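Colleague:
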């Protein structure tokens, strides 16, 4: 045994305590003794004992009742029952209730009893080790998924660890591509809900009707095409978590429906009349300033306070210092292995471009750029030719406007750079870019085609 085992003897017969005290050396075992069941239970509430040697008959409570209470502990000790009145029925009942085994008084086969105790302790130690390893795996998973050495991200991870075990709603803010979904998933994985479903929905990508059907489900015949009953996320993810990405994009009408399920924990399927109860943790995310949206009348104040119980703000990549280089090398190694390429380094010129670039699409954009470079690169190192044109343009100093061009060409130059800069600002979200520019969405697509822009360089999936 790797550590000193803690054993509790619960028996009103002093003979039992003396027997186990003599059997088990103090160098390997720490033994406590109680004559009454309730005294032992009170002690065990604040202790981490490994094994209980429990008499079936106690002066204040049945040993079987004590066993049942012990089995309700979060990490219960193993239990060996002691009896001088052993019957097959009582032994079988104790085993069914979770006892490891039982011994009979008077204690005759000393070696067999000691072996039984060691087996019970081995089982407990293995269980403890598994619990410890599971926690370690969670911590390792957290460390591996978030590649960072920056204090601002360490603060984020600290908050994640604090809020994950709780059941409060969480609002994750930050620019597109900063890793909001990853943080949401970590919160779920480190929570008591981890064994249940974690479902994500991009509120900006769905129409209001489709979003309602996705979250709440619909009854058969609720609308044209609803040929069968469909269970929504709030039903499927019961006792789990739902991640509502881009929650700032939902309509005021749908905000009312979402507020109801958050407040009352019940909803109705589209086309249904029956209330369905749902216990789901909501983790929401946005790249908008929801406080300003509330002031503008675009977002309900009551819903804002309902989802904004705990806020986690993710810093943009450009503010994370050396994390950029750390992530570059991480993604380089990852994608080189994935695509079986022998690319080990980055040329000084490419490195300079990557470090000067402001990364408006943040970590997601960096990941896509490195993946693209690994796929296209033909030399043993990443060179500028495998980097996207948009990155190289943005990495160079701002050019002064050219007055030597004809008006039509100058206008086209400005329009092209304007479209590029807008797409970068909106991380390829055409709807947002069209709203900001006041250009109809169809016309915006035509301009992208006109200037032969690769939308995948901006729309970071």
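In this note's numbering, the protein residues as written are 197 to 657.
Note that beta-carbon positions come from the ideal geometry of N, C-alpha and C, so glycine has one too.
It should be emphasised that the depicted structure is a prediction, and the values quoted were computed from it without experimental measurement.
Residue 619 bridges to which residues according to DSSP?
Modeller: Bridge partners of residue 619: none, in fact.
Colleague: With a cut-off of 8 Å, do at least 3 Cβ pairs link the segment 570 to 577 to the segment 608 to 617?
Modeller: No, the segment 570 to 577 does not touch the segment 608 to 617.
Colleague: Three-state secondary structure (DSSP) at residue 587?
Modeller: Helix at residue 587.
Colleague: Would you call the segment 523 to 538 in contact with the segment 402 to 409, where contact means no fewer than 3 C-beta pairs closer than 8 Å?
Modeller: Too few Cβ pairs lie closer than 8 Å, so no.
Colleague: Please report the distance separating the alpha-carbon of residue 362 from that of residue 382.
Modeller: Cα-Cα distance, rounded: 13 Å.
Colleague: Mapping the DSSP letters down to three states, classify residue 336 as helix, strand or coil.
Modeller: Low confidence applies to residue 336: its pLDDT is 48, below 50, so where it sits in the model is not reliable enough to give any reading.
Colleague: Between the segment 342 to 358 and the segment 304 to 323, do at least 3 Cβ pairs fall closer than 8 Å?
Modeller: Verdict: no, contact absent.
Colleague: Sort 255, 415, 312 by Cα distance to residue 274 and report the nearest one.
Modeller: Checking every option, the nearest Cα to that of residue 274 belongs to 312.
Colleague: With 16 as the cutoff for other CB atoms within 10 Å, does residue 201 come out buried or exposed?
Modeller: Counting Cβ neighbours within 10 Å, residue 201 comes out buried, since at least 16 surround it.
Colleague: Are the CB atoms of residue 204 and residue 243 within a distance shorter than 9 Å?
Modeller: Closer than 9 Å, so yes.
Colleague: Quick one: is residue 470 buried, meaning 16 or more other Cβ sit within 10 Å of its Cβ, or exposed?
Modeller: Counting Cβ neighbours within 10 Å, residue 470 comes out exposed, since fewer than 16 surround it.
Colleague: Taking DSSP's pairing of strands, which residues face residue 462 in a bridge?
Modeller: Looking at the DSSP assignment, residue 462 forms a beta bridge with 473.
Colleague: Determine the contact status of residue 478 and residue 446, defining contact as a CB-CB distance below 9 Å.
Modeller: Taking 9 Å as the Cβ cut-off, residue 478 and residue 446 do not qualify as a contacting pair.
Colleague: Do residue 439 and residue 428 have their beta-carbon atoms positioned less than 9 Å apart in this structure?
Modeller: Contact: no.
Colleague: Please state the DSSP three-state secondary structure of residue 592.
Modeller: The predicted model places residue 592 with a pLDDT of 49, which falls under 50 and marks its position as unreliable; any figure quoted below should be read in that light. Correct three-state label for residue 592: coil.
Colleague: Near residue 450, what residues of its chain come up, given a Cβ to Cβ distance below 6 Å and the 5 sequence neighbours on each side ignored?
Modeller: Correct list, in chain order: 404.
Colleague: In terms of alpha-carbon separation, which member of 396, 386, 414, 419 lies closest to residue 466?
Modeller: The option with the nearest alpha carbon to residue 466 is 414.
Colleague: Tell me whether the beta-carbon of residue 396 lies closer than 9 Å to the beta-carbon of residue 444.
Modeller: Their beta carbons are not under 9 Å apart, which means residue 396 does not touch residue 444 by this criterion.
Colleague: Go through its chain and collect everything with a Cβ distance to residue 516's Cβ below 8 Å, but skip five positions before and after it.
Modeller: Excluding positions up to five away in sequence, the list reads 344, 346, 348, 349.
Colleague: Is it the case that the Cβ atoms of residue 298 and residue 322 are separated by a distance below 9 Å?
Modeller: Against a cut-off of 9 Å, the Cβ pair of residue 322 and residue 298 comes out as no contact.
Colleague: Please state whether the Cβ-Cβ distance between residue 520 and residue 510 is less than 9 Å.
Modeller: No; because the gap between Cβ atoms is not below 9 Å, this pair is not in contact.
Colleague: So the beta strand (DSSP E) residue 202 belongs to, where does it begin and stop?
Modeller: Its beta strand (DSSP E) spans residues 201 to 206.
Colleague: For residue 432, does the three-state DSSP call read helix, strand or coil?
Modeller: Looking at residue 432 - three-state DSSP - the assignment turns out to be helix.
Colleague: List in chain order: all unbroken alpha helix (DSSP H) runs of 4+ residues lying wholly within the segment 279 to 329.
Modeller: The segment 279 to 329 contains these whole alpha helix (DSSP H) runs: 284 to 292.
Colleague: Give a yes or no on contact between the segment 430 to 438 and the segment 372 to 379, applying the rule of three or more CB pairs nearer than 8 Å.
Modeller: Cβ pair count under 8 Å is below three, so no.
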